[in-house]
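Right, one structure below, let's go through it.
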Amino acid sequence: MSRLDELAAEFGKVERALGDPAALADPREYARLTRRHRELLPLVTLLRERDGLEGDLTGARELLTDPDMRELATGEVQALEARLAEIESDLVVLLLPTDPDDNKDVILELRAGAGGAEAGLFVMDLLRMYTRYAEGLGLKVTVLDASESDLGGASKVVAEITGDGAFRAFRWERGVHRVQRVPATESQGRIHTSTVTVAVLPEADTEEVQLDLSEVRIDVFRSQGAGGQGVNTTDSAVRAVYRAGTPDEIMVVCQDGRSQIKNREKALQVLAARLAERERIAREERERSDRAAQVGSGDRSEKIRTYNYPQNRVTDHRLEGEGKNHPLDSVIAGALGPVVANLARAQRELQLLQMGEEGQHGAA
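Position 91 of the sequence shown, counted from 1, bears residue number 91 in UniProt numbering, the numbering being contiguous throughout.
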């Protein structure tokens, strides 16, 4: 209850701050306040509904003493108590800790793993799936770099996903995705198993990671592939190499458009995100976190999800029961929502279980 009161008070402060001309004059502060207002609004809406229903419940209970109104009042009391119980449950869920990266933009990296050319084709299938999923959520996908093959696949694709809640929508995709199907190049109809590794990197804040430009080598070159008019006729593509020739080396290529300046800015942005992700993984390892590194070697046995084309089934291996299986034709067309909802629900249930165990230990 004290935490709810604190959040309700914070909501009031945020609303007042949004009306302050000083906040309007500072785009970054205004964006922060707007984001926090949006985060707190569902909780405050439930609190206000609860307060109203508690008043209604008090009135309905008073009518139970009236013989003429008892039957009607009994039904109303039961309905009000049931709704209040739902609200209390929803409030507990809203109080669960959220990932501070949830509302950040995302750098999405897809890399072909085991399976050769077929893995490269599946990279492009996943890119199309993610693009449709993102568009359905009002998010924008921009491909920054792609190493395409002659067969229509790609060994690697790097894309930026921007919009409210981008990381929250894509956070579950990090890991190894396995596909089982008959490749178009297979003459005997045999099913092959291939993999694609997916990395989902929240874009780094400038204060979150310090990128020393003296450690970054910038190369410019002519864009490769089928660019638009002018794209592959000028040296607009940019390669940013962090600590070249050392074990810490990170290379980022951006050839999205014809502007060298914009490509350089975007390459440094991706580089900062990858550095922040490297630091996050190192920090979790130091703290002996039980969260695994998000991408494995691409081996077939390391998988978070399997796309089985012959059986038209997608199986998410982090889930249990019927909730782990979904129709492949729907998912591959971009309908990832049900899968993501089940993963988010499983995480909430785990958090609630851990909360209960901590409460029991505290009481003991």
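Beta carbons: idealized from backbone N, C-alpha and C, even for Gly. These numbers were taken from a predicted model, which means no experiment stands behind them.
For Leu110 against Leu96, the beta-carbon gap comes to about 30 Å, at or over 8 Å, which does not count as contact. Under the 10 Å beta carbon count, Ala169 is surrounded by 16 or more other beta carbons and is classified as buried.
Per DSSP, the unbroken alpha helix (DSSP H) holding Leu328 starts and ends at Leu328 to Ile332. Leu94 has its alpha-carbon roughly 15 Å from the corresponding atom of Glu49. In the DSSP assignment, Met69 falls outside any beta strand (DSSP E), carrying neither H nor E.
Boundaries cannot be given for Lys324, as no beta strand (DSSP E) includes it and DSSP labels it neither H nor E. The secondary-structure analysis by DSSP pairs Ala112 across a beta bridge with Val196.
For Ile87, the three-state secondary structure derived from DSSP is helix. The three-state secondary structure of Arg318, taken from DSSP, is coil.
Residue pairing by DSSP places Gly175 opposite Val198 in a beta bridge.
In this structure, Glu148 sits away from Ile107, with a CB-CB distance that is not shorter than 8 Å. If you draw a straight line from the Cα of Leu275 to the Cα of Asp205, it comes to about 11 Å.
Straight-line spacing of the CA atoms in Leu43 and Arg83 works out to 15 Å. Three or more beta-carbon pairs separated by less than 8 Å link the stretch 337 to 355 to the stretch 305 to 323, which places the two stretches in contact. Residue environment for Lys140: exposed (fewer than 16 other C-beta atoms within 10 angstroms of its C-beta). Arg239 and Glu10 have their alpha carbons spaced roughly 44 Å apart. Nearest to Leu336 by C-alpha distance, out of Ala134, Ala244, Leu353 and Ala79, is Ala134. By the neighbour-count definition (other C-beta atoms within 10 Å, threshold 16), Ile304 is a buried residue.
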